[in-house]
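K.L.:
Numbers 584 to 823, taken from my numbering, label the letters of the sequence shown in order. By construction, the Cβ of each residue, glycine as well, lies at the ideal position given by its N, Cα and C atoms. My questions will all concern the structure given below.
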Amino acid sequence: MTDQPRLVLVTGASRGIGRAAALHLARRGDLVIAIARSKAALEKLDDEIRAMGNEAILVPMDLKDAKGIDTLGKVIADRFGRLDGFVANAGILGTLGPLESVGPRSFEETIEVNLTANWRLISVLSPSLRKSPAPRAVFVTSSVAAKPVAFWGPYQASKAGLEAMVMGWADETENMGLKINIFDPGGTRTDMRAKAKPGEDPMTLPSPDEVAAELVKLVSPDETRTGQRIAYRQLVAARS
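In structure tokens form, the structure reads like this:
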């Protein structure tokens with residue numbers, strides 16, 4: 584077991600912070616299970632990982648697919664017998680605007696992807712995580728979960744729910760080997776940020792690569808924190 588690479592699952596791995604995280608993990612020798620909706624984008628990620636001499640397991644899947652998530656959990660358990668790390672990065676912005684104008688389909692989809700899918704993943708991945716000698720999980724959140732602002736209703740509700748759920752899970756497992764944390768990247772130079780803040784100069788923001796370098800530390804075997812909300816901006820400020 585000791586000579587086997589750590590097996591780390593990353594959702595939203597085809598772009599932005601998730602893609603950068605997958606590359607960081609592969610670079611340090613981990614075997615990445617990369618999940619995203621776009622098969623073509625995953626294949627481009629795989630090309631980069633192969634170019635560095637590693638490999639990845641590609642899973643083109645929509646996180647609204649409950650049966651797909653169940654199957655994923657079973658395949659990981661049957662094929663590998665364990666899961667060492669889980670980076671829950673995938674998320675959608677949903678509809679930005681007055682809360683009363685948000686349509687039910689958009690609201691429900693935002694909750695489904697950002698909150699419910701993570702509950703499903705926790706449920707099916709937990710047995711495999713417990714079989715790892717050093718299991719780690721991290722969930723990507725947003726500053727608006729803690730400080731809600733106008734016009735971000737569904738998104739910030741989904742992230743606030745995610746934080747409450749994950750912190751509860753961390754409390755349930757605090758006496759086990761599993762370490763579970765929340766990571767707030769803050770504004771990052773991604774497509775999602777550009778959509779949310781179209782007038783912002785992207786060059787004033789950290790790159791996904793810079794942010795992901797801190798994110799992946801939370802699924803390292805030497806990570807000892809659990810039940811913490813870790814903000815990228817605070818980490819940078821503490822070092823300056």
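Is the Cβ-Cβ distance between Gly674 and Arg719 less than 8 Å?
P.N.:
No, they are not a contact pair.
K.L.:
Buried or exposed: where does Gly595 fall if 16 or more other Cβ atoms within 10 Å of its Cβ makes it buried?
P.N.:
Buried, by the Cβ-count rule.
K.L.:
By a C-beta neighbour count over all protein chains shown, 10 Å radius and 16 as the cutoff for buried, is Lys657 buried or exposed?
P.N.:
Result: exposed.
K.L.:
Would you check if the region 805–818 and the region 614–632 touch, i.e. whether three or more CB-CB distances between them fall below 8 Å?
P.N.:
Result no; under three Cβ-Cβ pairs closer than 8 Å.
K.L.:
In terms of residue numbering, what span does the beta strand (DSSP E) encompassing Arg812 cover?
P.N.:
Arg812 to Ala814 is the span of the beta strand (DSSP E), which, as asked, contains Arg812.
K.L.:
Would Thr724 and Asp767 qualify as a contact pair, given that the criterion is a beta-carbon distance under 8 Å?
P.N.:
Contact flag set, yes.
K.L.:
Below 8 Å, how does it come out for the region 778–788 and the region 744–763: are there three or more Cβ pairs, yes or no?
P.N.:
No: fewer than three Cβ pairs fall under 8 Å.
K.L.:
Assuming contact is defined by CB atoms lying nearer than 8 Å, are Val593 and Val615 in contact in what I supplied?
P.N.:
Closer than 8 Å, so yes.
K.L.:
Name the DSSP bridge partner or partners of Arg620?
P.N.:
Per DSSP, none; premise fails for Arg620.
K.L.:
How would you write the range of the alpha helix (DSSP H) that Arg713 sits in, first residue to last?
P.N.:
Start and end: Ala700 to Arg713.
K.L.:
May I ask you to check if the CB of Ser689 is nearer than 7 Å to at least one heavy atom of the ligand ZN?
P.N.:
Ligands displayed in this structure: none; no statement on the ligand ZN is therefore possible.
K.L.:
Assign Met584 to one of two classes, buried (16 or more other C-beta atoms within 10 Å of its C-beta) or exposed (fewer than that).
P.N.:
Its pLDDT being 41, under 50, Met584 is placed unreliably in this model, and the coordinates cannot settle the point.
K.L.:
Applying the criterion that 16 or more other CB atoms from any shown protein chain within 10 Å of the CB defines a buried residue, is Lys730 buried or exposed?
P.N.:
The residue in question, Lys730, is exposed, as its Cβ has fewer than 16 Cβ neighbours within 10 Å.
K.L.:
Report yes if the C-beta distance between Ser741 and Thr678 is below 8 Å; otherwise report no.
P.N.:
Against a cut-off of 8 Å, the Cβ pair of Thr678 and Ser741 comes out as no contact.
K.L.:
Taking the alpha-carbon positions, what's the Ala617 to Ser790 distance?
P.N.:
Approximately 20 Å between the Cα atoms of the pair.
K.L.:
Residues in its own chain within less than 7 Å of Thr787 by CB, not counting five upstream and five downstream?
P.N.:
Hits under 7 Å: none found.
K.L.:
Name the residue from Ala604, Ala753, Asn697 and Phe690 whose alpha carbon lies nearest to the alpha carbon of Ala743.
P.N.:
When each option's Cα is compared against that of Ala743, the closest is Asn697.
K.L.:
Distance check for Tyr738 and Val794, CA to CA, integer angstroms please.
P.N.:
About 21 Å.
K.L.:
So the alpha helix (DSSP H) Val727 belongs to, where does it begin and stop?
P.N.:
Element bounds for Val727: Ser726 to Ala729.
K.L.:
Looking only at its chain, what residues have a beta carbon closer than 7 Å to the beta carbon of Ile705, apart from the 5 residues adjacent to it on each side?
P.N.:
Trp752.
K.L.:
Since Ala603 contacts Asp805 with CB under 8 Å, what's their CB separation in whole angstroms?
P.N.:
Between Asp805 and Ala603 the Cβ distance is about 21 Å, and since that is not below 8 Å, they are no contact.
K.L.:
Kindly list the residues whose CB is nearer than 7 Å to the CB of Ser715, restricted to its own chain and excluding five residues on each side of it in sequence; keep chain order.
P.N.:
The residues are Arg665, Leu666 and Asp667.
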